[in-house]
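Peer 1: Have a look at this one before I ask anything.
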Amino acid sequence: MRDLYELIGVPETASEVWIERAHQAARQKAEANQKLSSKQKEAALAELDAAYATLSDPATRAEFDAKCEQWREAKATGGVLVWMKRAMLLLVLLAVIGGSAYWYQQRQQERTRIEQERVASELAMKQKLAEIAEQRRLSEERLQREAIDRQQVEEKRLELAREQRAEDTKGQRFVVDDRYEKAQREKRTEAERRDRQNEDLRQQYEIARMRNQAQVEIERQRRFIEQREREEAIAVQQRIAAERARQIQEQYKNR
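Going by the numbering used here, the first residue of the sequence shown is number 86, and it counts up by one from there.
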């Protein structure tokens, strides 16, 4: 809205005489302005005359003053609404940023916790494998010692048996006894071999089982993290979409 008082160059409290003198002075200034073309001068003079006609009549002046007051009030009210709207948008933005930061922090903490659990699980598995390897080494050493002891005992027994057989007889009986002792020795050797083989298979199975359990646990934790991230991402998108929809509704209401 154009301020007619400002156009003529007087305050709103100016008297009629003051307005008349200011109008004449403004016309003279416009007519003397060499920068204006003829059409521009005519338009400026017409605008000054229209302003003077409005302000010189008490009725039209009062009506103009009332419109000015209404315009100023509307402008002030509109400014407050704009400020409140901007403040509301700022609060919404801060809430979204705060929610995203909280979600990011929670996700990082969850990742850290799962990573710590994974490292601890791997460490426990390595310790268990080391224990199994140590037990296997000790078992092999024990079996070797026992085999050596049995071999020494067997050799001593055979030596005594041979001495006894030499004293008893030199014939067929010696041959039969020797074959029998050899067969018994081969049976014991085969039994020891099977025992060692079974022990190796048992330890290999235990190692494979523990590795499989560790891999299953690591895969479960990985899928759990991916699922949580997908759910959190969807939740954030839904919150943002809901907030945008609410903002659009608020904008339509304000209009």
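Ideal placement from N, C-alpha and C gives every residue a C-beta, glycine not left out. Predicted model, so just to flag it, every value in this text is computed and none were measured.
Just how far apart, CA to CA, sit residue 314 and residue 299?
Peer 2: Position 229 of the sequence shown, counted from the first residue, corresponds to residue 314. Position 214 of the sequence shown, counted from the first residue, corresponds to residue 299. Those two C-alpha atoms are separated by around 23 Å.
Peer 1: Report the three-state DSSP secondary structure of residue 234 (helix, strand or coil).
Peer 2: The residue given as residue 234 occupies position 149 in the sequence shown. DSSP places residue 234 in helix when its eight states are reduced to three.
Peer 1: If you draw a straight line from the alpha carbon of residue 92 to that of residue 331, how long is it in whole angstroms?
Peer 2: Taking the sequence shown and counting its residues from 1, one reaches residue 92 at position 7. Taking the sequence shown and counting its residues from 1, one reaches residue 331 at position 246. Rounded to the nearest angstrom, the two C-alpha atoms are 45 Å apart.
Peer 1: Could you tell me which of 217, 294 and 105 sits nearest to residue 139, measuring between CA atoms?
Peer 2: Start at 1 with the first residue of the sequence shown, and residue 139 comes out as number 54. Taking only the C-alpha atoms, the option nearest residue 139 is 105.
Peer 1: Whole angstroms are fine: how far does the CA of residue 200 sit from the CA of residue 284?
Peer 2: For the purposes of this step, residue 284 is taken as the residue at position 199 of the sequence shown. For the purposes of this step, residue 200 is taken as the residue at position 115 of the sequence shown. When rounded, the distance between both Cα atoms is 35 Å.
Peer 1: Just to confirm before moving on: does the CB-CB distance between residue 95 and residue 111 stay below 7 Å?
Peer 2: Position 10 of the sequence shown, counted from the first residue, corresponds to residue 95. Position 26 of the sequence shown, counted from the first residue, corresponds to residue 111. Going by C-beta atoms, residue 95 is not nearer than 7 Å to residue 111.
Peer 1: Flag this pair as touching only if the region 220-230 and the region 278-295 have three or more C-beta atom pairs under 8 Å; answer yes or no.
Peer 2: yes
Peer 1: In whole angstroms, what separates the C-alpha of residue 101 from that of residue 89?
Peer 2: Numbered from its first residue, the sequence shown carries residue 101 at position 16. Numbered from its first residue, the sequence shown carries residue 89 at position 4. Computed Cα separation, rounded: 14 Å.
Peer 1: Since I believe residue 243 is in contact with residue 266 (beta carbons under 8 Å), could you give me their beta-carbon distance rounded to a whole number of angstroms?
Peer 2: Here residue 266 is taken as the residue at index 181 of the sequence shown, counted from 1. Here residue 243 is taken as the residue at index 158 of the sequence shown, counted from 1. Right, the Cβ-Cβ distance comes to about 6 Å (below 8 Å), so this counts as a contact.
Peer 1: Check whether the Cβ atoms of residue 129 and residue 115 lie closer than 7 Å to each other.
Peer 2: In the sequence shown, counting from the first residue as 1, residue 129 sits at position 44. In the sequence shown, counting from the first residue as 1, residue 115 sits at position 30. Cβ atoms of residue 129 and residue 115: closer than 7 Å.
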